[in-house]
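Same order as they appear, the protein sequences are chains A and Y. Per the working numbering, the first sequence starts with residue 94, numbered consecutively. Per the working numbering, the second sequence starts with residue 279, numbered consecutively.
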Amino acid sequence: MSAQKQPEFAIETHSVVKTYPSDFGDIQAVDEVSLQVRPGEFVALVGPSGSGKTTMLSILAALLKPTSGEILLDGQNMHELSENNLVTLRREKIGFTFQANNLVPFLTAVENVELMLRLNGKLDKAGKLRARELLARLGLGERLNNLTSQLSGGQQQRVAIARALIHNPSLVLADEPTANLDTERAYQVVETFAGLIHEQQRAGIMVTHDLRMCEFVDRVLQMRDGKLIKEYADKPSIMKLVRGRMTD
Amino acid sequence: MKQVLQISSFLAFKEIWRNRGRFLLVALVIALITLLVLFIAALGEGLGNGNREYLSKVDAELIAFQSKSDYLIGASRMDRDRLASIARVAGVQDAGMLGAASAKIILPGQADPLKVALLGVEPGHTGEPPVLQGRQLGTKLSDEVIIDRNTALRSGLEIGDTLEMRVTQGTRDEYYKLRVVGISDGQQYSLQPSIIVPFFTWDKVRPKSEAEINSSDPVANIILIKLDDPAQMDAVRQRLLSQVNNIEVATISQTIQALPGYSAQQSTLNTQGGFTLFIGLLVIGGFFQIQILQKVAQIGVLKAIGTTNRIVATTFIMQIFMITVIGVLIGSLLTFLFSLTFPPTIPIVFNGTTSAIAIVALLLIGPLGGLVSIRYAVRIEPLKALGLSS
């Protein structure tokens, strides 16, 4: 086996632009955004509504093509990939949790997690065991065979986190994962998420409007009007941002 | 491909199983459509069979009619001279007269007589059906009768019994007694069970007008022709037309199509069957379309996490096929159970080929009805489905 040099960043973007046409001229949803996230680093993308953070997340998720710019996932340029290869990339290298409608409703908690392994052709005995262990770690050991309708919002989000991580993706994306949760559960979910990202050395990006959740991230990227306007890269400044928001 | 099938069957089965009430409801709708389609097909087959059974089983390839009778048995009159002429034509192996009329059998202890088709044939020649019990007809003038299975079932007559028949001749009701010598399989004609008598006996006992009573020359309706080589049918037909005066010649199938009301009846029932299938197509298509509209977000999630369109489409096809198969199976079983409750007077016949065609058509309408929804599912964009698009 040849020793391939691992890229320094799990995901990096260079001058990404996304423009939407409208009756009043083009709208620049994402404007020259460049960012990098290392394996094992958990980053929050924050900003007011309409700042372009969800569009940026969709681009990072290979669900939306940028108008211009470059996105490298594990050193591979997404721009060079066909539609089919992008689907494969999403399946193999990206893990997702969404704000709502996260899980397949007719599958149990463990089946939802195993689905990622099934899709990747990796559902063997070891995989099944790993799915159960991961759910148990997330406090769902007693809920493995419950359908999603039998789980609370927080439990559903934890199942989604397990599904996002089970196939060892390089990048884990979370879109407002705490939007439908009460404060206590929101903290629990993000703390667990951050812990697993650090432990498993995944690159994690979370879009959130709730600055309190930034307490658990390593870096905060602030967007406004499609631009990346500020970066909080050290814990004191992040905590200052969190506390500032909390005293608002 | 194996992996696609494995994942699709897993998703398809799990969704059906965990929503079995909803899917069972659709399967029951398909079952009711199946019941309707199979009954219409069986009714069409039963009515068609009731009209054509004798002709479709007759051991002949061609039928000679009086010219300009337009292949209508009731409008044709054929005398014995022409029988002799036809029998002499090269390629004709056998020829037999056939006279067709209606009669009523008086059943002891029953108020209503049994209406039957009274068929006159040449004993030992083409046109006389083989018996399953008893023996064939004896001489041309004997008062013997072969009854078909339907007559036997409805009348209770057995071999050796004497049946009493009532016919109107001129303005009077006449009664004739005939001895049952054989029972054949079903030989319905003109939607009636049949009794088969020697031709000269037929001419004696058939309903007649006042003018016919005094006629001494027996006249049949048609002449059935059996060929040496059925492959030479067209050539023999041409020879018959050129060598025998004043006739027209039809195949069995042409004769059946010309039976009064036969084509109209069959096309009506076929149209009904077609419309039922079409309604089934719309119902199934509508159900799966509604189902997909309710699952847009779910399909969006599946696609976002890397499920291919091929898996999404195969899952839906499998679901549609499973539900259709379950529905058709339930419907077929219901049809069978219902058919057991029907009296023999209702002309319902479950023909293997017709039922198989109906079942294949029913199995196809599911996937066909679901095509639009599958196309819709494949086109769902995960970004829009998840509400991530700006």
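C-beta: ideal position from N, C-alpha, C; glycine also.
For residue i, the three-state DSSP class (helix, strand or coil)
i, result
"Y:Q465", "coil"
"A:Q192", "coil"
"A:M171", "helix"
"A:D268", "strand"
"A:H291", "helix"
"A:M339", "No answer about A:M339 holds up, because its pLDDT of 42 lies below 50 and its placement is not dependable."
"A:H107", "strand"
"Y:T404", "coil"
"A:M94", "For A:M94, the predicted structure reports a pLDDT of 45, less than 50, and the residue's modelled location is therefore unreliable. A value from the coordinates is still provided. A:M94 falls in the coil class under three-state DSSP."
"A:E226", "helix"
"Y:S617", "helix"
"Y:G377", "strand"
"A:P100", "coil"
"A:K323", "strand"
"Y:T623", "coil"
"A:V90", "Outside the modelled stretch of chain A, which goes from 94 to 341, sits residue 90 of chain A, for which no answer is possible."
"A:K328", "helix"
"Y:I383", "strand"
Within chain C, the residues that residue i reaches when beta carbons sit closer than 9 Å
i, result
"Y:R657", "In the structure shown, chain C does not exist; the protein chains are A and Y."
Sequence-distant residues of its chain with Cβ nearer than 7 Å to residue i (five each side left out)
i, result
"Y:A305", "I601, I604, G605, I608"
"A:M339", "Because the pLDDT of A:M339 is 42, which lies under 50, any placement of that residue in the model is unreliable, and the number read from its coordinates should be weighed accordingly. Within the same chain, A:M339 has close Cβ partners R305."
"A:D341", "Note that A:D341 has pLDDT 40, beneath the 50 cutoff, so the model's placement of it is unreliable and the number below is only indicative. Cβ neighbours of A:D341 beyond the five flanking positions: none."
"A:I259", "V206, M209, L210, R223, A224, L227"
"A:S95", "Its pLDDT being 47, under 50, A:S95 is placed unreliably by the model, and the measurement read from it follows with that caveat. So no residue of the chain qualifies."
"Y:L559", "I643, L646, G647"
"Y:Q532", "Y349"
"Y:A663", "V574, A575, I577, G578"
"Y:F478", "K418, L419, P496"
"Y:Q270", "Look at the range of chain Y in this structure, 279 to 668, and you will see that residue 270 of chain Y is not part of it."
Where the alpha helix (DSSP H) through residue i begins and ends
i, result
"Y:Q281", "280 to 296"
"Y:V638", "630 to 657"
"A:G128", "Per the sequence presented here, residue 128 of chain A reads as Leu, with Gly not at that position. No alpha helix (DSSP H) holds A:L128; the beta strand (DSSP E) holding it covers 120 to 130."
"A:L182", "176 to 186"
"A:Q243", "Premise fails: A:Q243 is in no alpha helix (DSSP H) and is neither H nor E."
"A:E207", "202 to 212"
"A:T148", "146 to 153"
"Y:L664", "Note, Y:L664: premise wrong, no alpha helix (DSSP H); not H, not E."
Element boundaries [beta strand (DSSP E), containing residue i]
i, result
"Y:A395", "392 to 399"
"A:L138", "135 to 139"
"A:G162", "161 to 166"
Close beta carbons around residue i, own chain, < 8 Å, minus the five adjacent residues each side
i, result
"Y:K346", "E526"
"Y:L518", "L340, A342, I364, V367, V370, I503, I525, V527"
"Y:Q567", "V650, S651, Y654"
"Y:L392", "K382, I383, L385, T429, R432, S433, P471"
"A:T112", "D119, I120, Q121, A122, T160"
"A:K215", "H260"
"Y:A639", "V315, L555"
"A:G246", "N273, L274, R278"
Neighbourhood of residue i by C-beta distance below 6 Å, restricted to the same chain and skipping five residues each side
i, result
"A:L289", "L258"
"A:A287", "F135, F309"
"Y:S354", "F343, Q344, S347, N499, I500"
- Considering only residues of the segment 540 to 600 of chain Y, which uninterrupted alpha helix (DSSP H) runs meet the minimum length of 4 residues and lie entirely inside it, listed in chain order? 540 to 572, 574 to 582
- Sequence ranges, beta strand (DSSP E) only - wholly within the segment 411 to 456 of chain Y, length at least 3: 422 to 426, 440 to 447
- Query: Listed in chain order, which residues of the segment 581 to 605 of chain Y have Cβ atoms closer than 9 Å to some Cβ of chain A?
  - Reply: K581, A582, I583, G584, T585, T586, N587, I589
- Members of the segment 320 to 335 of chain Y near chain A, C-beta cut-off 8 Å: none
- Task: Taking a Cβ distance cut-off of 8 Å, strictly less, list which residues of the segment 125 to 158 of chain A are near chain Y, in chain order.
- Result: T147, T148, L150, S151, A154, L156, L157
- Contiguous beta strand (DSSP E) assignments of at least 3 residues, all confined to the segment 295 to 320 of chain A: 296 to 301, 312 to 317
- Entirely enclosed alpha helix (DSSP H) segments - the segment 303 to 370 of chain Y, minimum 4 residues: For secondary structure counted as the alpha helix (DSSP H) over 4 or more consecutive residues, the segment 303 to 370 of chain Y holds these complete runs in sequence order: 358 to 366.
- Just by C-beta distance, which residues in the segment 287 to 317 of chain Y are closer than 9 Å to chain A? F288, L289, K292, E293, I294, W295, R296, N297
- beta strand (DSSP E) segments (min. 3 residues) lying fully within the segment 455 to 543 of chain Y: 472 to 476, 500 to 505, 525 to 529
- Task: Could you name the residues of the segment 558 to 576 of chain Y whose beta carbon sits closer than 8 Å to any beta carbon of chain A, in the order they occur along the chain?
- Result: A575, Q576
- Between the segment 301 to 318 of chain A and chain Y, which residues of the former have CB atoms less than 9 Å from a CB of the latter, in chain order? Within the segment 301 to 318 of chain A, no residue has a Cβ that lies closer than 9 Å to any Cβ of chain Y.
- Query: For the segment 453 to 473 of chain Y, which residues have a beta carbon sitting closer than 9 Å to at least one beta carbon of chain A?
  - Reply: none
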